[in-house]
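Just below is one structure, and these are the notes that go with it.
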């Protein structure tokens with residue numbers, strides 16, 4: 001026999017005993033008689049059914065009742081049956097009477113299972129209905145009737161921030177203007193999830209007549225009391241938000257409530273942030289839902305009835321009221337049912353009749369219902385996380401430099417490129433195409449804070465070392481060092497700018513793993529108060545667009561080639577090999593000094609001028625060649641000395657002339673030699689040999 005059949009049979013037994021009302025109850029264990037009950041139900045709230053029972057069995061297993069279905073049935077000769085179905089969440093054994101033991105059971109919906117679990121969890125790129133459906137399924141709530149009229153955009157990032165599963169579910173649904181209610185049958189209860197309050201069904205036998213004086217009537221269904229209340233509530237709701245995708249955009253939205261008659265002013269709520277990123281597609285709807293929620297109880301009705309079928313969120317029609325304005329369709333916001341059945345105790349019973357009554361609160365049926373949005377949990381402070389990305393990658397970011405992280409509490413997703421949303425990274429400086437940029441790398445520990453304490457809006461504000469990621473230098477041994485040190489991407493090496501502040505060892509250290517480039521748009525000034533040492537492993541090129549001036553206060557020492565071999569000079573101002581024509585031609589670049597293997601080549605496109613204050617000395621280990629395209633001039637203030645240890649060879653193509661005052665020695669290419677002067681004296685220690693074709697003496 002089904003639960004429905006058992007309840008019907010039990011109720012019929014009482015109805016056959018000339019009772020107008022009878023209540024029955026069935027559970028997973030034990031046989032019970034209903035003594036009394038109370039049911040509290042409200043829209044967007046789990047119902048609670050408290051049933052006082054009696055049983056001939058004093059030893060019913062309470063544990064067997066828990067988390068199992070049970071059903072309370074209400075039966076009347078004048079109405080169709082009404083059932084309340086739920087799962088047993090509380091079971092109590094009370095006192096025992098003459099033959100019976102008393103029990104109290106509390107029934108709640110299967111949705112109440114979500115009260116007994118909480119989590120930190122991330123949902124990504126899912127709509128709120130999709131998240132809600134998955135969560136309900138995971139918690140065993142499968143009998144769900146989805147009645148959604150609107151289209152919902154996926155949420156990029158949604159966080160359950162330590163809330164119970166039900167609190168999280170109710171919050172995200174309310175943010176979208178979605179609410180829930182329940183429908184009961186003998187074999188179960190259905191969770192109705194909807195965003196269309198105007199489309200909610202009517203109750204069974206929906207038209208209820210108003211009868212203020214039912215007197216002793218026992219037959220029929222009526223509303224015995226009904227009152228109406230108007231309340232001052234906000235008339236406008238405004239919200240504002242911000243998105244870094246479009247910072248200058250105006251994100252403000254405004255919604256105006258319905259039926260504002262009687263308000264003497266503008267009463268506006270303003271909320272920031274609005275929890276939306278697009279005012280057109282989402283913000284306006286969110287704001288409209290807020291003003292609708294704010295004005296749910298602006299106009300309400302309250303009453304009492306003997307109707308068994310009132311159901312929160314369903315609608316009824318009131319008729320025959322003395323105030324015509326009350327005779328309309330009403331939405332049930334909350335209902336309280338109660339009943340007593342003392343006759344069920346038989347010999348333990350008194351003379352009290354079986355009774356039932358219900359009180360209710362309504363909203364005009366033509367006005368929309370929206371749930372109030374619960375306060376979003378506020379994250380107490382920053383949290384630690386580790387930067388994540390796809391396998392095999394070291395740096396993973398998007399075009400804004402955002403990264404993904406794995407929070408320590410995230411048990412549901414692996415540490416990869418899907419572990420969180422893209423999270424912005426606070427930098428030391430930021431501007432339009434300029435500023436500071438350092439992308440956190442996979443495996444780094446970061447400090448994550450949250451805008452307005454909102455777990456859905458994380459931002460990385462810092463980075464920290466830990467036992468796995470150590471500082472670049474051993475501490476506290478190098479506590480005086482400050483450094484910016486990077487790590488070569490998918491390789492070995494680093495770039496570094498380091499400062500040493502220990503007294504007497506102060507240092508600025510710069511290391512480039514490969515190339516180093518500097519660019520100065522105007523002047524570049526360096527001042528070195530002591531030594532300057534440069535070491536170039538390969539080629540050094542200096543290009544000067546205009547003048548090149550070097551001033552040396554002391555000596556210049558230049559060594560060219562792999563060995564010294566007499567090429568280190570230590571006297572005065574010395575200059576090495578000034579070019580071999582062919583070598584200079586082969587190696588020279590215009591205006592550039594090019595060191596080769598043992599050679600020094602200098603090419604000057606125009607003039608070269610040297611000015612030496614005291615002494616200029618040059619020593620050549622082997623040969624020296626001087627070549628001029630036109631003229632070579634030597635000019636000395638006093639003396640010119642030419643010394644050859646072996647041979648002095650002077651050769652000219654046309655003429656050699658030696659002049660001293662009025663004395664001239666001229667040698668022509670045709671063989672003529674002319675010596676002229678004031679007097680000529682020959683003084684030889686040995687002899688003079690003279691030979692000619694003809695000798696003339698005058």
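Residue numbers (the UniProt record's numbering): 1 to 698. Positions of the beta carbon are idealized from the N, C-alpha and C atoms, including for glycine.
Buried or exposed by the 16-neighbour rule on C-beta atoms within 10 Å, applied to residue i
{"i": "residue 688", "result": "exposed"}
{"i": "residue 210", "result": "buried"}
{"i": "residue 471", "result": "exposed"}
{"i": "residue 248", "result": "exposed"}
{"i": "residue 465", "result": "exposed"}
{"i": "residue 663", "result": "exposed"}
{"i": "residue 681", "result": "exposed"}
{"i": "residue 529", "result": "exposed"}
{"i": "residue 306", "result": "buried"}
{"i": "residue 508", "result": "exposed"}
{"i": "residue 177", "result": "buried"}
{"i": "residue 684", "result": "exposed"}
{"i": "residue 386", "result": "buried"}
{"i": "residue 154", "result": "exposed"}
{"i": "residue 292", "result": "buried"}
{"i": "residue 568", "result": "Confidence in residue 568 is poor, its pLDDT being 44 and thus under 50, which makes the residue's placement unreliable; the coordinate value appears in the next sentence. So residue 568 counts as exposed."}
{"i": "residue 123", "result": "buried"}
{"i": "residue 581", "result": "Because residue 581 carries a pLDDT of 44, less than 50, the predicted location of this residue cannot be relied on, and the following value inherits that uncertainty. Classification of residue 581: exposed, given that the 10 Å Cβ count is below 16."}
{"i": "residue 633", "result": "exposed"}
{"i": "residue 223", "result": "buried"}
{"i": "residue 245", "result": "exposed"}
Option nearest residue i by Cα separation, candidates the options
{"i": "residue 426", "options": "417, 458, 175, 163", "result": "458"}
{"i": "residue 110", "options": "439, 85, 27", "result": "85"}
{"i": "residue 415", "options": "634, 389, 639, 546", "result": "389"}
{"i": "residue 82", "options": "276, 447, 23, 665", "result": "23"}
{"i": "residue 692", "options": "678, 671, 279, 453", "result": "671"}
{"i": "residue 319", "options": "60, 611, 283, 212", "result": "212"}
{"i": "residue 195", "options": "644, 278, 43", "result": "43"}
{"i": "residue 438", "options": "417, 432, 460, 421", "result": "460"}
{"i": "residue 422", "options": "149, 68, 402, 315", "result": "402"}
{"i": "residue 120", "options": "206, 51, 533, 377", "result": "377"}
{"i": "residue 59", "options": "94, 431, 294, 364", "result": "94"}
{"i": "residue 371", "options": "308, 179, 67", "result": "179"}
{"i": "residue 704", "options": "270, 303, 308", "result": "Residue numbering for the chain in the displayed model covers 1 to 698; residue 704 lies beyond these limits and cannot be assessed."}
{"i": "residue 614", "options": "555, 326, 525, 651", "result": "555"}
{"i": "residue 506", "options": "512, 480, 273, 280", "result": "480"}
{"i": "residue 444", "options": "487, 434, 411", "result": "487"}
{"i": "residue 364", "options": "302, 407, 679, 373", "result": "302"}
{"i": "residue 37", "options": "355, 369, 661, 620", "result": "355"}
{"i": "residue 157", "options": "669, 541, 96, 127", "result": "127"}
{"i": "residue 734", "options": "237, 273, 232", "result": "Nothing about residue 734 can be reported from this structure: the residues present for the chain run from 1 to 698 only."}
Residue(s) in a DSSP beta bridge with residue i
{"i": "residue 404", "result": "388"}
{"i": "residue 336", "result": "40, 359"}
{"i": "residue 667", "result": "656, 673"}
{"i": "residue 500", "result": "481, 507"}
{"i": "residue 120", "result": "161"}
{"i": "residue 26", "result": "71"}
{"i": "residue 179", "result": "194"}
{"i": "residue 33", "result": "54"}
{"i": "residue 236", "result": "256, 268"}
{"i": "residue 184", "result": "189"}
{"i": "residue 225", "result": "304"}
{"i": "residue 368", "result": "Residue 368 is not bridged to any residue."}
Range of the contiguous alpha helix (DSSP H) that encloses residue i
{"i": "residue 134", "result": "128-138"}
{"i": "residue 231", "result": "Run containing residue 231: none; DSSP gives neither H nor E here."}
{"i": "residue 658", "result": "Element bounds for residue 658: not the alpha helix (DSSP H) but the beta strand (DSSP E), 655-660."}
{"i": "residue 62", "result": "62-65"}
First and last residue of the uninterrupted beta strand (DSSP E) at residue i
{"i": "residue 192", "result": "188-194"}
{"i": "residue 47", "result": "45-55"}
{"i": "residue 320", "result": "No beta strand (DSSP E) holds residue 320; DSSP gives it neither H nor E."}
{"i": "residue 70", "result": "69-76"}
{"i": "residue 204", "result": "202-210"}
{"i": "residue 105", "result": "101-108"}
{"i": "residue 91", "result": "82-96"}
{"i": "residue 145", "result": "144-147"}
Residue i: CB within 7 Å of a non-hydrogen atom of the ligand SAH
{"i": "residue 647", "result": "With respect to the ligand SAH, the structure offers nothing, as it holds no ligand at all."}
Original post:
Taking only runs of the beta strand (DSSP E) that begin and end inside the segment 238-312, which ones reach a length of at least 3 residues, in chain order?
Top reply: 253-256, 268-271, 299-305
Subject >> Length-filtered (3 minimum) beta strand (DSSP E) runs lying within the segment 402-489 >> reply: 404-407, 445-450, 458-464, 481-485
**OP:** Tell me the start and end of each unbroken beta strand (DSSP E) in the segment 500-560 that is at least 3 residues and wholly inside, in chain order.
**Re:** 507-511
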